[in-house]
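> So for the sequence shown, the UniProt record's numbering puts the first residue at 1; every next one is plus one. My structure is below; once you've seen it, I'll send some questions.
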Amino acid sequence: VIKRRGGRTGRGGPRTRVSSRGTSSRRFPTPMPSPGFALARTLEGHSKSVAAVKFSPDGSRVASASADKTVRLWRVADGVQLCVLVGHERGCSDVAWTGCGRYLASASDDKNLHLWDVDPCSPHYGKTVRVFAGHTSHVFCCDVNSVCGANNVLASGSVDETVRLWDLRQGTCVNVLPAHSDPVTGVKFSPDGAILATCSYDGITRLWSVATGACLRTIVLGSGGEGLGGGGG
């Protein structure tokens with residue numbers, strides 16, 4: 001939820017009105033109407049900054065990743081903390097649920113990713129199932145394709161400028177994409193899991209074939225703010 005502050009959100013692109021005097025023009029921001037948001041609940045427990053929060057597929061739980069080295073699970077209905085996932089050696093930067101909601105992946109500055117069993121009915125609830133090691137610097141982001149089953153793939157983006165694809169069942173790296181020339185800041189699967197989008201501090205977004213690792217398209221922001229699409233590579 002977003003807490004309303006002073007009756008205005010303070011975010012988004014404000015509409016403007018233009019007036020001119022002589023040969024010069026001035027732009028005045030037009031206040032956006034308040035959306036009426038109100039704070040519903042505060043989830044307290046982390047001891048340091050929180051880097052990411054993600055809803056479970058069914059919307060009943062929220063996972064949060066923090067610089068305090070933990071991932072925490074919360075019940076949406078009442079804000080109760082359900083579980084604290086401990087295992088990373090440095091701060092956590094991102095989390096991603098599997099499509100069925102039984103497992104949760106986490107990315108960390110310790111260069112690793114963990115896969116956690118978050119099924120409350122499992123005897124291994126709250127435990128690490130897999131550790132994915134291979135990045136040479138902080139792992140900044142992660143995502144899991146939404147298809148729940150044997151072919152689930154985990155994607156991770158790192159400060160080492162690469163994107164790695166991992167087999168969730170085997171815990172092995174199946175592809176390393178030399179994705180960008182600066183740290184990778186985001187990875188996201190398409191709904192069918194066939195395409196992966198990546199973005200980076202280099203200002204470039206790329207689309208990749210998950211099956212082959214081929215770059216399908218490179219998107220660069222033009223000088224006028226328009227997106228300039230290109231072919232692979």
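Idealized CB from N, CA, C, for every residue including glycine.
Would you give the residue range spanned by the beta strand (DSSP E) that Thr172 belongs to?
Along the sequence shown, read from residue 1 onward, the residue named residue 172 stands at position 172. Looking at the DSSP string, the run of the beta strand (DSSP E) that includes Thr172 is Thr172 to Leu177.
> Can you find at least 3 beta carbon pairs, one from the stretch 174 to 182 and one from the stretch 140 to 147, that sit closer than 8 Å?
At 8 Å Cβ cutoff, the stretches do not touch.
> Let me check one thing: in DSSP terms, what residues is Tyr103 bridge-paired to?
Indexing the sequence shown from 1 puts residue 103 at position 103. Paired residue(s): Asp117.
> Roughly how many angstroms separate the alpha carbons of Gly22 and Thr30, rounded to a whole number?
In the sequence shown, residue 22 corresponds to position 22, counting from 1. In the sequence shown, residue 30 corresponds to position 30, counting from 1. At Gly22, the pLDDT of 47 sits below 50, so the modelled position is not reliable; the number obtained from the coordinates is stated separately. The straight-line gap from Cα to Cα measures roughly 22 Å.
> State the Cα-Cα distance for the pair Val159 and Arg41, rounded to the nearest angstrom.
Taking the sequence shown and counting its residues from 1, one reaches residue 159 at position 159. Taking the sequence shown and counting its residues from 1, one reaches residue 41 at position 41. Taking the straight line joining both Cα atoms gives about 33 Å.
> If you draw a straight line from the alpha carbon of Asp94 to that of Ser137, how long is it in whole angstroms?
Here residue 94 refers to the residue found at position 94 when the sequence shown is read from its first residue. Here residue 137 refers to the residue found at position 137 when the sequence shown is read from its first residue. Cα to Cα, Asp94 sits roughly 15 Å from Ser137.
> Looking at the structure shown, is Pro57 part of a helix, part of a strand, or coil, going by DSSP?
Numbered from its first residue, the sequence shown carries residue 57 at position 57. If DSSP states are grouped into helix, strand and coil, Pro57 belongs with coil.
> In the DSSP assignment, find the beta strand (DSSP E) that holds Asp94 and state where it starts and stops.
Along the sequence shown, one-based indexing puts residue 94 at 94. Cys92 to Trp97 is the extent of the beta strand (DSSP E) around Asp94.
> Tell me the rounded alpha-carbon separation between Val163 and Arg130.
Position 163 of the sequence shown holds residue 163. Position 130 of the sequence shown holds residue 130. Approximately 18 Å between the Cα atoms of the pair.
> Following the continuous beta strand (DSSP E) through Leu165, name the residue where it begins and the one where it ends.
By one-based count along the sequence shown, residue 165 stands at place 165. Looking at the DSSP string, the run of the beta strand (DSSP E) that includes Leu165 is Val163 to Asp167.
> By Cβ distance, which residues of its chain are closer than 7 Å to Ser181, with the 5 residues on each side in sequence left out?
Numbered from 1 along the sequence shown, position 181 holds the residue referred to as residue 181. Glu161 and Asp202, listed in sequence order.
> Which residues mark the beginning and the end of the beta strand (DSSP E) in which Val184 is found?
Stepping through the sequence shown from its first residue, residue 184 is reached at position 184. Run containing Val184: Val184 to Phe189, per the beta strand (DSSP E) assignment.
> Sort Gly186, Val220 and Val50 by Cα distance to Gly91 and report the nearest one.
Start at 1 with the first residue of the sequence shown, and residue 91 comes out as number 91. Ranking the options by Cα distance to Gly91, first place goes to Val50.
> Assuming Arg206 and Thr212 make a contact with CB atoms under 8 Å, what is their CB distance in whole Å?
Within the sequence shown, numbered from 1, the residue matching residue 206 stands at position 206. Within the sequence shown, numbered from 1, the residue matching residue 212 stands at position 212. That pair is no contact at about 14 Å.
> Name the DSSP beta bridge partners of Thr70, please?
Counted from its first residue, the sequence shown places residue 70 at position 70. Beta-bridge pairing links Thr70 to Val86.
> Could you tell me the distance, in whole angstroms, from the CA atom of Asn152 to the CA atom of Met32?
Against the sequence shown, residue 152 aligns to sequence position 152. Against the sequence shown, residue 32 aligns to sequence position 32. Rounded to the nearest angstrom, the two C-alpha atoms are 42 Å apart.
> For Leu207, write down the residues that DSSP places opposite it in a beta bridge.
Looking up residue 207 in the sequence shown gives position 207. Paired residues: Ala197 and Arg217.
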